[in-house]
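There are 2 protein chains.
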Amino acid sequence: MGENKDFVKEITPMEVDFPRWYTDVILKNELVDYSPVKGFMVIRPYGYALWEGIQAFADEKFKATGHKNMYFPLLIPESLLNKEKEHVEGFAPEVAWVTHGGSEELAERLCVRPTSETIICHMYSKWLNSYRDLPYLYNQWCSVVRWEKTTRPFLRTSEFLWQEGHTLHETYDEAQEETLKILDIYRQVAEDLLAMPVVVGKKSDKEKFAGAESTYTMEALMHDGQALQAGTSHNLGQHFTKAFEIKFLGRDNKEHNPYHTSWGISTRLIGGLIMVHGDNRGLVLPPRIAPVQAVIIPIAMKKFGVLEKAEELFKSLKEQGIRVELDDDTKESPGWKFNQYEMKGYPIRIEIGPRDIENNQAMVVRRDTLEKEIVSFDGFAEKINEILESMQGDMLKKALKHREENTHTITNYEDYKSSNEAKKGFTKAMWCGCRECEDKLKQETGASIRCIPFQQENLSNICHFCDKEAKHMVYIARAY
Amino acid sequence: MGENKDFVKEITPMEVDFPRWYTDVILKNELVDYSPVKGFMVIRPYGYALWEGIQAFADEKFKATGHKNMYFPLLIPESLLNKEKEHVEGFAPEVAWVTHGGSEELAERLCVRPTSETIICHMYSKWLNSYRDLPYLYNQWCSVVRWEKTTRPFLRTSEFLWQEGHTLHETYDEAQEETLKILDIYRQVAEDLLAMPVVVGKKSDKEKFAGAESTYTMEALMHDGQALQAGTSHNLGQHFTKAFEIKFLGRDNKEHNPYHTSWGISTRLIGGLIMVHGDNRGLVLPPRIAPVQAVIIPIAMKKFGVLEKAEELFKSLKEQGIRVELDDDTKESPGWKFNQYEMKGYPIRIEIGPRDIENNQAMVVRRDTLEKEIVSFDGFAEKINEILESMQGDMLKKALKHREENTHTITNYEDYKSSNEAKKGFTKAMWCGCRECEDKLKQETGASIRCIPFQQENLSNICHFCDKEAKHMVYIARAY
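Heads up: the protein sequence lines correspond to chains A and B, in order. Residues in the first sequence are numbered from 1 upward in steps of one, following this note's numbering. Residues in the second sequence are numbered from 1001 upward in steps of one, following this note's numbering.
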């Protein structure tokens, strides 16, 4: 176990310093690296493979619900950005400006897209004619730039990868239905793929997207008790379609502005994945998203046909559709390998040595529980598939349990304010709905209203932050 | 056939005005649209689906040969761009510069990546340690910006989508092997997926990538007799690895600079696809890349169970893995639909009416030849698959025949110079290898040396452009 220590030593325990634990895990695992441009990250192959997994899962769901992909220009003229008032106020302070093309100064500055509502609405206004053309169900996968002062890889960076859906509908109800349908796809990405439980609900007006009628969100709880906004879906009403004069001839033969939605998930989800499941040995990846689901490590591999058996198992797992690796490297010790793959969060490790050959079995170790199990070579691949399946479900349950244990109900605001401990996790509170209470909460505690959850409870008739009548039960937390 | 005329009228015949034919085809088919930023295009769903097809095919081949995807920042500091002399001279005149982030002026300008050698080499220099880490086989899918004066959608735009591979190797030979291996993958994308035959070979020093040791290319011939550079693979030697001080400890325990390659294909391939196969009715798509391979059009659909049969065929084709659509719209006439799908280039149209039900058959029309064939409902899906398979092969053969008929051998340079007709298509010529001849050819004829093909022929011992000894047989052509 000597080698074990070396790896563990490299990762700061999360209890000691959570941000350092996070940084250690992402850098040691080569998920990401800092780039020479401040706030911009390089996503390395192991990190990018996680993004490819999220893309594949979400893209399939988008397409199954009738959405198609497009691509809009990276650069947006300043005059377009300025068309929707709230939008430009929200985004102008954080955009990167292109002022020169080649050696020439441009007549009009272009911003690197922080999001694409404006340019997409401009094009939609050219294309849309009749209610027969609706709905418009389009999406794009791309990178966006938002000049951030304080950055952390995956969680908040000046450039990130995402998808942005932009749809148009004949009626308000259809736009609302779309907004919630997408939020549910996002919930599936979080819960079914990433085993990351989320609270779904509506954002307060203060926290909604710049230019939105209403913003819906999914919020996850990290190991350190902070919340992460993991994906948002906006009902934009007619704010943009009026500003951009998008019109269609309706069934009544009159001109109308369509209703509009936009929605996005990003590489930020990878940060959430790490902070929901990781431990002091490193990453812990749910099987469905893991780029490698099982690694086979032969021990004393030149003896008794160990290597041959390992190769045979490798083939049979591969045939079962399991993403498997065989580590037959002879330079590193088995112990070194065990720790290496624990750090990388591979869901299953399969150890096979001379005695196992004799006994027609191998040792299987689950990353989430570190439990060891002897598995017979008979029906081996099926059994591994079963373990992967249970592990996916168990990881979601474990994360859900952690969230429940860290979801509190406010008793009184003064207690909440004075206790740092109370501020860890989600806290349910009643809120009158006014901006003053929301601002006060943020200023006095650093916590914010994460969402008005769909699943409401009546904790009290009085707002916890003032004496007015309560309108909503909300989740509050400090957030990334 | 009245409806036919309307569609055909909208597309300028290619014999009349080829550039207008091209523009008509891409706009009427909604593959692309112009954006409010000059030279930037919007790729619409039907065009983007073609790109997704190319991505899926190429990405699988890259991964099967050991490559992994990453993502590097969009913005590159000016100081990094300046590190490799030839590279900066080649690219600086055409980059877009970011000078402000939010409201602050940046201390150093950042360029929007025109290609990513510089930032990737910067990162590689941080990561690489030992020969044991090699090869580095990485790729990224992204968009790049190159400020172009004259643009045409897909063919030359100020922003385009592409992939850029960047690999490092221990030896020159391994880098050269990689360069050619990728060129062959590109050839497969062109020929096996897009049915677009290509000539493969080496670029002259004048035409090579800025900073490359040698550039390899695939060149295709368009309908109008102009060539299109459809993909390039560069052996970069140690130019960048020395400039960026990328070093590794070799087997000899000494420091070395690795050998380096980069390679790319882009949305330009879609322009080639259109100009190789299209006709005066519109697009003609090879089955493997076609987003929709077959469309079923029921005629008099409410009678004799026509619609039910159409639905049954739809299901059976879908089960066979055919990308199929059923057009049961009742507002448009069958004739309108026939012409619409011909314009869209769907490989197969299936017409089914009351008499067909009686005769247990349907009429199948191939888009490439417009040939009609009666196909029995017995074994229908298998037969459609067979037709799609032959069509893919036939389209490649047809394009190859067109290229062969338009590949000439130069007799003497004066004749070539004086005849516009001679300049159509590829012309094989002998070349001494000197820059003066190459410049003269370009200046006097508008044609350029497209490549020194791998398949050499000895047409003469004397250079066709001067009196010196010939070194290479080259393909010359006017090019996009």
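Glycine included, C-beta positions come from ideal geometry on N, C-alpha and C. Being a predicted model, the structure only gives us computed values, none of them experimental.
For a contact defined as C-beta to C-beta under 8 angstroms, what are the partners of A:E159 on chain B? Residues of chain B whose Cβ lies closer than 8 angstroms to the Cβ of A:E159 are, in chain order, P1073, L1074, L1075.
Please classify B:M1001: does DSSP put it in a helix, a strand, or coil? Its pLDDT being 35, under 50, B:M1001 is placed unreliably in this model, and the value from its coordinates should be taken loosely. Of the three classes helix, strand and coil, the one that applies to B:M1001 here is coil, per DSSP.
Smallest Cα separation from A:K372: which of A:D378, A:P347, A:H122? For A:K372, the nearest C-alpha among the options comes from A:P347.
Cβ of A:G484 within 8 angstroms of Cβ of A:H122? This structure cannot settle anything about residue 484 of chain A, because the visible part of chain A is limited to 1 through 480.
Between the Cα of A:K468 and those of A:K247, A:A195, A:G433, spot the shortest distance and give me the residue it belongs to. A:G433
Using a cut-off of 9 angstroms between C-beta atoms, extract the partners of B:M1343 located in chain A. Near B:M1343 there are no residues of chain A at all, since even the closest Cβ is about 18 angstroms away, more than 9 angstroms.
For the region 114-138 of chain A, which residues have a CB atom closer than 8 angstroms to at least one CB atom of chain B, in sequence order? Interface annotation for the region 114-138 of chain A against chain B: I119, H122, M123, K126, W127, Y138, criterion Cβ-Cβ distance under 8 angstroms.
Would the region 232-246 of chain A and the region 254-271 of chain A be scored as touching if the rule is three or more Cβ pairs under 8 angstroms? A contact between stretches requires three or more CB pairs, one per stretch, nearer than 8 angstroms, and the region 232-246 of chain A meets this requirement with the region 254-271 of chain A.
Kindly indicate if chain B contains any beta-carbon less than 8 angstroms away from that of A:W147. yes
Compare the C-beta of A:K68 against all C-beta atoms of chain B and say whether one is closer than 8 angstroms. Closer than 8 angstroms to the CB of A:K68 there is at least one CB belonging to chain B.
Within 9 angstroms of chain B by C-beta, residues of the region 75-100 of chain A in sequence order: L75, I76, P77, S79, L80, A92, P93, E94, V95, A96, W97, V98, T99, H100
Residue interval of the alpha helix (DSSP H) (run including B:Y1034): Where B:Y1034 is concerned, there is no enclosing alpha helix (DSSP H), although the beta strand (DSSP E) it sits in stretches over 1032-1034.
Taking C-beta to C-beta, are B:V1284 and B:R1403 nearer than 8 angstroms? Their beta carbons are not under 8 angstroms apart, which means B:V1284 does not touch B:R1403 by this criterion.
Distance between A:E164 and B:R1020 (C-alpha atoms, nearest Å): 33 angstroms
Who are the near neighbours of A:V42 in its chain, counting only those whose CB is closer than 7 angstroms to its CB and skipping five residues on each side? V32, D33, S35
What span of residues does the alpha helix (DSSP H) with B:I1528 cover, start to end? Given a span of 1001 to 1480 for chain B in the structure shown, any question on residue 1528 of chain B remains unanswerable.
I'd like to know whether the C-beta of B:E1043 is nearer than 8 angstroms to at least one C-beta of chain A. First, the residue type needs correcting, since residue 1043 of chain B is Ile and not Glu in the sequence shown. At least one CB atom of chain A sits nearer than 8 angstroms to the CB of B:I1043.
Look at the alpha carbon of B:F1244 and the alpha carbon of B:D1415, and state the distance between them as a whole number of angstroms. Each residue's alpha carbon lies about 49 angstroms from the other.
Residue-level contact to chain A via CB, B:P1036, 8 angstroms cutoff: yes
For B:K1085, name the three-state secondary structure that DSSP assigns. helix
Answer with yes or no whether the minimum CB distance from B:E1255 to chain A is below 8 angstroms. Closer than 8 angstroms: no.
Along chain B, which residues have their Cβ under 8 angstroms away from the Cβ of A:L313? The contacting residues do not exist; A:L313 stays about 22 angstroms from chain B at best.
What residues in its chain sit with their C-beta under 8 angstroms from that of B:M1473, if we drop five residues either side in the sequence? Taken in chain order, the residues that qualify are K1428, A1429, M1430, W1431, I1452, P1453, Q1456, E1457, N1458, L1459.
Mind checking B:G1393: buried by the 16 CB within 10 Å criterion, or exposed? The residue is exposed, with fewer than 16 neighbouring Cβ atoms inside 10 Å.
Run down chain A in chain order and give the residues with a C-beta less than 7 angstroms from the C-beta of B:S1143. L74
Taking only the alpha-carbon atoms, compute the straight-line gap between B:W1487 and A:G101 and give it to the nearest angstrom. Nothing can be reported for residue 1487 of chain B, as the shown portion of chain B is limited to 1001 through 1480.
Which residue marks the beginning of the alpha helix (DSSP H) containing A:V276, and which one marks its end? 268-277
Is A:I322 helix, strand or coil when you go by DSSP? coil
Check A:Q455 in the structure and name its three-state DSSP category. Three-state DSSP puts A:Q455 in coil, outside helix and strand.
Closest to B:G1046 by C-alpha separation, out of B:K1028, B:S1214, B:D1328, B:V1198, would be which residue? Per the sequence presented here, residue 1046 of chain B reads as Tyr, with Gly not at that position. Minimum Cα distance to B:Y1046 is reached at B:K1028.
Are any of the Cβ atoms in chain B nearer than 8 angstroms to that of A:Y48? Using a Cβ-Cβ cut-off of 8 angstroms, A:Y48 counts as an interface residue toward chain B, since at least one Cβ of chain B sits closer than that to its own.
By alpha-carbon positions, which one of B:I1384, B:I1299, B:G1272 ends up nearest to B:D1567? Coverage of chain B is limited to positions 1001 through 1480, which leaves residue 1567 of chain B absent and any answer about it impossible.
For the region 1022-1033 of chain B, which residues have a beta carbon sitting closer than 8 angstroms to at least one beta carbon of chain E? Among the chains of the structure shown, chain E does not appear; the protein chains present are A and B.
Under the DSSP definition of a beta bridge, which residues are partnered with B:C1466? Answer is none; B:C1466 lacks a bridge partner.
Taking all protein chains shown into account, do 16 or more other C-beta atoms lie within 10 angstroms of the C-beta of B:A1190, making it buried, or fewer, making it exposed? buried
Exposed or buried, which one is A:T179 when buried takes at least 16 other CB atoms within 10 Å? buried
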